[in-house]
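Asker:
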Amino acid sequence: MKHYDSALEERLMIEEEDFVIHLSGSIRGYIKEIAERQVKLAQLEHMYRRYTIMREYRDLEFFTDPKGEFLYFREISDEPPTEEDIV
Numbered sequence: 018m019k020h021y022d023s024a025l026e027e028r029l030m031i032e033e034e035d036f037v038i039h040l041s042g043s044i045r046g047y048i049k050e051i052a053e054r055q056v057k058l059a060q061l062e063h064m065y066r067r068y069t070i071m072r073e074y075r076d077l078e079f080f081t082d083p084k085g086e087f088l089y090f091r092e093i094s095d096e097p098p099t100e101e102d103i104v
């Protein structure tokens, strides 16, 4: 009977470990999904802010860096930007 108890106990420990590993993997996946959604939300908020600024100041020209970060703006012109244009 003792042999049966130890085998059962070992089986329960293995199942418990599998459950913990599965659970921690699920939690990591869930946290990653939340982080990805937060990044997308931040990108949408940034785009909306830029759109709102551009609508409000239609006579201004906006310049951004390659990442889309706001750098400066000036009145719309055919001339290249000068140092005074940079705000």
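This note's numbering numbers the first residue of the sequence shown as 18 and each following residue consecutively.
For each residue, glycine too, the CB sits at the ideal point set by N, CA and C.
1. Quick check: the Cα distance between residue 105 and residue 64, rounded to an integer number of angstroms?
2. When DSSP labels each residue in this structure, what does residue 49 get in the three-state scheme?
3. If we ignore side chains and look at the alpha-carbon of each, how far apart do residue 67 and residue 58 end up?
4. Report the three-state DSSP secondary structure of residue 84 (helix, strand or coil).
Answerer: Result, derived from the coordinates:
1. Outside the modelled stretch of the chain, which goes from 18 to 104, sits residue 105, for which no answer is possible.
2. Here residue 49 is taken as the residue at index 32 of the sequence shown, counted from 1. DSSP, read as helix, strand or coil, puts residue 49 in helix.
3. For the purposes of this step, residue 67 is taken as residue 50 along the sequence shown, with counting starting at 1. For the purposes of this step, residue 58 is taken as residue 41 along the sequence shown, with counting starting at 1. If you take the alpha carbons of residue 67 and residue 58, they lie about 14 Å apart.
4. As a working mapping, residue 84 is identified with position 67 in the sequence shown. If DSSP states are grouped into helix, strand and coil, residue 84 belongs with coil.
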